[in-house]
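Here's the structure we're looking at; comments come further down.
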Amino acid sequence: MTTDTVLARRLVMRRAFAVSPERLFDAWTDPAVAARWLFTTPDSQAHAAELDVRVGGRWTITDRRDGVDYVALGEYLEVDRPRRLVFTFGMPQFSPAFNTVTVEIAPAGDGSMMTLTQEHLPPEHHPATRDGWDAMFEALEGNLAA
Amino acid sequence: MLRTLAAEPLSVGELAAPYRMSLAAASKHIKALERAGLVRRTVKGRTHLCALDAAELASAHAWLAFYQRFWSDSFDVLAAVLQENDA
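Taken in sequence, the protein lines are chains V and D.
Per this note's numbering, the very first residue in the first sequence carries number 1363; after that it's consecutive.
Per this note's numbering, the very first residue in the second sequence carries number 234; after that it's consecutive.
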């Protein structure tokens, strides 16, 4: 794996996977697969992934560690299977800041090369911050009602 | 450029000199650093003085280190999940 870091809050990571671009893309968008690796840890006790995979759709992943629910959430900005997926990502419990994550997948030999770019969005550039809080409260209400 | 600035605040011309860069090119680099919040510029008469924002730089480093580790660990698990599905 190679890692490039550019100025300040922009992270670029590349990794090769031995599966087709379609299968790799679906690992991000199929809740059954995503729940096993995305925004979770092997020590997590419970994990819920709600992924409304379409442009403008919201995603929420709730991970329970040591009895505490951690909520990661955002909105899909681009969905182009199997080449490109762009979404915002925030954890309002910890920070009002949002990041964008761009996943690009290209065929490489018998498998795929995945490039992930994460960029920090300054709060003034993120009109969805308020939406983020709203979505977290909605998720919280859902949990309480369940 | 950031390493040069770490010692003391410098003017745009002083910053550009060691890199054999034009003032315009140096100015472009400095603007990018400013946008990233790493450099603060103050104007004194005709001189633009640039200073490093060390706290912001440390925070940017911490951010990078955290997410590098985070995604690297996540991709390890993803590779294992994909391989398991193959079996």
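Beta carbons are placed, not taken as given, at the ideal position from N, Cα and C, and that holds for glycine.
Given the structure is predicted, the values throughout are model-derived calculations rather than measurements.
Closer than 8 Å to chain D by CB, residue i
i       : result
V:L1373 : yes
V:H1409 : no
V:Q1455 : no
V:L1400 : yes
V:L1413 : no
V:R1395 : The question names Arg, but residue 1395 of chain V is Val in the sequence shown. It does: the Cβ of V:V1395 has a partner Cβ on chain D nearer than 8 Å.
V:H1487 : In this prediction, V:H1487 has a pLDDT of 48, which is less than 50 and means its spatial position is unreliable; what the coordinates show is noted afterwards. Not an interface residue.
V:R1427 : no
V:D1472 : no
V:R1420 : no
V:R1385 : yes
Amino acids of chain D, ordered along the chain, whose beta-carbon sits closer than 7 Å to that of residue i
i       : result
V:F1379 : A312, L315
V:R1445 : Ordered by position in chain D, no residue passes the 7 Å Cβ test against V:R1445, which lies about 18 Å from the chain.
Closer than 8 Å at the beta carbon, the chain D residues around residue i
i       : result
V:A1389 : L311, V314, L315
V:L1478 : W304
Buried or exposed by the 16-neighbour rule on C-beta atoms within 10 Å, applied to residue i
i       : result
V:S1457 : exposed
V:R1377 : buried
V:Q1455 : exposed
D:R236  : exposed
D:W304  : buried
D:Y252  : exposed
D:H294  : exposed
V:A1434 : buried
V:T1402 : buried
D:Q316  : exposed
Proximity test, Cβ basis, 8 Å: residue i and chain V
i      : result
D:S307 : yes
D:L285 : no
D:L256 : no
D:L297 : yes
Contacts of residue i in chain V (Cβ-Cβ under 8 Å)
i      : result
D:L238 : Near D:L238 there are no residues of chain V at all, since even the closest Cβ is about 14 Å away, more than 8 Å.
Residue i: contacting residues in chain V (beta-carbon distance under 9 Å)
i      : result
D:Y252 : The contacting residues do not exist; D:Y252 stays about 16 Å from chain V at best.
>> If contact is defined by three or more beta carbon pairs under 8 Å, each pair taking one atom from either stretch, is the stretch 251-271 of chain D in contact with the stretch 299-311 of chain D?
In response: As far as the Cβ criterion goes, the stretch 299-311 of chain D does not touch the stretch 251-271 of chain D, which means the pair count is below three.
> What are the start and end residues of each continuous alpha helix (DSSP H) run of 4 or more residues lying completely inside the stretch 239-285 of chain D, in chain order?
Replying inline: Runs of alpha helix (DSSP H) with 4 or more residues, each lying fully within the stretch 239-285 of chain D, are found at 245-249, 256-268, listed in chain order.
> Are the stretch 1461-1476 of chain V and the stretch 1401-1416 of chain V touching by the rule of at least three beta carbon pairs closer than 8 Å?
Replying inline: Taking 8 Å as the limit for Cβ pairs, the verdict is that the stretch 1401-1416 of chain V does not touch the stretch 1461-1476 of chain V.
>> Going residue by residue through the stretch 1440-1482 of chain V, where are the continuous beta strand (DSSP E) segments of at least 3 residues, counting only ones entirely within it?
In response: Positions of the beta strand (DSSP E) runs, each at least 3 residues long and wholly inside the stretch 1440-1482 of chain V, are given as 1446-1451, 1460-1470 in order along the chain.
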